[in-house]
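Colleague: Residue numbers (UniProt numbering): 1 to 246. Cβ atoms here follow ideal geometry from the backbone N, Cα and C, with glycine treated the same way. Small disclaimer: the values here were computed from a predicted structure and weren't measured. Supplied in C-alpha cells, the structure appears directly below.
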C-alpha cells in the first residue's frame, strides 16, 4: 500500500511537471505576435490629403488657394487706399487719419490696421477679416496710369510712417533710410528686443512692398539696418540665463 501510494505521488508529480508550459523567450514572443498581425485582416484608416506646399518665388506662387478673386474696384485694399476706412463700423479710421493723427502708442496697441496697410496673399491669423492681396490688386498698384500712381504714393507714405514708428527716417528724394533723432527711444519700445510682434510686422511690410513692385533702395537697406543693429546689440538683447541650482 505504501509502495502504491508512493508511486502515485511520483506519477502525479511527473505528470504535473510535464503539463506546466515553459516560459517563452522574448524573440519567440515577438515572432508569434508578428505572425498574428499578418494573419489579421488589414483595417482601412482615413488618410488626410497631402499638404500643399507654397513657396514665395516665383511670383505666380505668391497667391495661394486662400486668395479671394475679385475685381480691383471691389477690393477692400483699393477702396482703403482711395479713402476708405478699416471697417464700416468706424468710418473715421481712414488711411490719412492713421498716417497723420495716430500716435506711436496707438500704432503699437492696435492690431487691426497693419493688414490693411500692407496686405499679403495669405489671410492673417490675427485678423482673418482683413483683405488679402490678389493678382488684380497687384496689377492695380503696378498700373502706370493715374490710379496706380495714387496707390503707390499711399503705400510709400505708409512705409514712411512705419519707418518713423521704428525709429528711422526715410528720405524719399535720396531713397535712403537712416536713424532718426529718437531712435534710441523708439527702437527698444518697438522692435529691438528678443521676441516681439513687430518682427512679424516688419517682415510683412518688406514682403508686401516687394510684391507690389516697391523694392526701392530704401526698402532694400531696411533689413540691413535691422541686422546691423541687432548684431551690435546682441549681448544686451539676449535673454538672461538662470544660474544652475547649487
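Cα separation between residue 131 and residue 104?
Modeller: As a working note, residue 131 is residue 131 in the chain shown. As a working note, residue 104 is residue 104 in the chain shown. Straight-line Cα distance between these residues: approximately 23 Å.
Colleague: Counting beta carbon pairs with one atom in the segment 201-213 and one in the segment 112-127, are three or more of them shorter than 8 Å?
Modeller: Counting Cβ pairs under 8 Å, three or more are found: they touch.
Colleague: Beta carbon of residue 201, beta carbon of residue 99: below 7 Å?
Modeller: Taking the chain shown and counting its residues from 1, the one referred to as residue 201 is at position 201. Taking the chain shown and counting its residues from 1, the one referred to as residue 99 is at position 99. No; because the gap between Cβ atoms is not below 7 Å, this pair is not in contact.
Colleague: Around the C-beta of residue 137, are 16 or more other C-beta atoms found within 10 angstroms, so that it is buried, or is it exposed?
Modeller: Against the chain shown, residue 137 aligns to sequence position 137. Answer is buried; the Cβ neighbour count reaches 16.
Colleague: What did DSSP end up calling residue 239 once you bin it into helix, strand or coil?
Modeller: Taking the chain shown and counting its residues from 1, the one referred to as residue 239 is at position 239. Below a pLDDT of 50, predicted positions are generally treated as unreliable, and residue 239, at 43, falls in that range; the measurement from the model is reported next regardless. Coil at residue 239, not helix or strand.
Colleague: With 16 other CB atoms within 10 Å as the buried threshold, where does residue 198 fall?
Modeller: On the chain shown, position 198 is the one that residue 198 refers to. It is buried - the Cβ of residue 198 has at least 16 other Cβ atoms within 10 Å.
Colleague: Check whether the segment 164-180 touches the segment 189-196, taking contact to mean three or more Cβ pairs, one atom from each stretch, closer than 8 Å.
Modeller: With a cut-off of 8 Å, the segment 189-196 and the segment 164-180 count as touching, because enough Cβ pairs lie within range.
Colleague: What residue does the alpha helix (DSSP H) around residue 97 start on, and which one ends it?
Modeller: What you label residue 97 is simply residue 97 of the chain shown in a count that begins at 1. Start and end: 95-100.
Colleague: Are the CB atoms of residue 141 and residue 148 nearer to each other than 7 Å?
Modeller: If you number the chain shown from 1, residue 141 lands on position 141. If you number the chain shown from 1, residue 148 lands on position 148. Yes. Within cutoff.
Colleague: Given a cut-off of 7 Å, decide if residue 95 and residue 154 are closer than it, judged by their beta-carbon atoms.
Modeller: Your numbering for residue 154 matches position 154 in the chain shown. Your numbering for residue 95 matches position 95 in the chain shown. A contact, by the Cβ cut-off of 7 Å.
Colleague: Which runs of the alpha helix (DSSP H), 4 residues or longer, sit entirely within the segment 142-218?
Modeller: Runs found: 146-165, 183-190 and 198-211.
Colleague: Spatial neighbours of residue 77 within its chain, please: CB distance less than 6 Å, with the 5 preceding and 5 following residues excluded, ordered by chain position.
Modeller: Residue numbering aside, residue 77 sits at position 77 when the chain shown is read from its first letter. Excluding positions up to five away in sequence, the list reads 119, 131 and 137.
Colleague: Can you name, in chain order, every residue of its own chain whose Cβ lies under 6 Å from the Cβ of residue 186, other than the five neighbours on each side?
Modeller: Position 186 of the chain shown, counted from the first residue, corresponds to residue 186. Here the set comprises 167.
Colleague: Give me the Cα-Cα distance between residue 109 and residue 127, rounded to the nearest whole angstrom.
Modeller: In the chain shown, the residue the question calls residue 109 occupies position 109. In the chain shown, the residue the question calls residue 127 occupies position 127. Each residue's Cα considered, the two are about 14 Å apart.
Colleague: Go through its chain and collect everything with a Cβ distance to residue 81's Cβ below 8 Å, but skip five positions before and after it.
Modeller: For the purposes of this step, residue 81 is taken as the residue at position 81 of the chain shown. Same-chain partners within the cutoff: 95, 150, 151, 154 and 155.
Colleague: Could you check if residue 48 is buried or exposed, using at least 16 other CB atoms within 10 Å of its CB as the buried criterion?
Modeller: Locating residue 48 in the chain shown gives position 48, counting from the first residue. Only weak support exists for where residue 48 lies, its pLDDT of 48 falling under 50; the value from the coordinates is given anyway. With fewer than 16 other Cβ atoms within 10 Å, it is exposed.
Colleague: Which residues in the same chain have their Cβ closer than 7 Å to the Cβ of residue 57, if we skip the five residues on either side of it in sequence?
Modeller: Position 57 of the chain shown, counted from the start, is the residue given in the question as residue 57. Only weak support is given to the placement of residue 57: the predicted model assigns it a pLDDT of 47, under 50, and the value that follows is read from those uncertain coordinates. Excluding sequence neighbours, residue 57 sits near nothing in its chain.
Colleague: Closest to residue 87 by C-alpha separation, out of 107, 214 and 113, would be which residue?
Modeller: As a working note, residue 87 is residue 87 in the chain shown. Among 107, 214 and 113, the Cα nearest to that of residue 87 belongs to 113.
Colleague: Helix, strand or coil for residue 125 per DSSP?
Modeller: Here the question's residue 125 lines up with position 125 in the chain shown. The answer is coil: DSSP assigns residue 125 none of H, G, I, E or B.
Colleague: State the CB to CB distance for the pair residue 85 and residue 92, rounded to an integer number of angstroms; the pair is presumed to be in contact (CB under 8 Å).
Modeller: Translated into the one-based positions of the chain shown, residue 85 becomes position 85. Translated into the one-based positions of the chain shown, residue 92 becomes position 92. Indeed they touch by this definition, with Cβ atoms about 7 Å apart.
Colleague: Please report the straight-line C-alpha distance between residue 180 and residue 79, rounded to a whole angstrom.
Modeller: One-based indexing of the chain shown puts residue 180 at position 180. One-based indexing of the chain shown puts residue 79 at position 79. Their backbone Cα atoms lie some 32 Å apart in a straight line.
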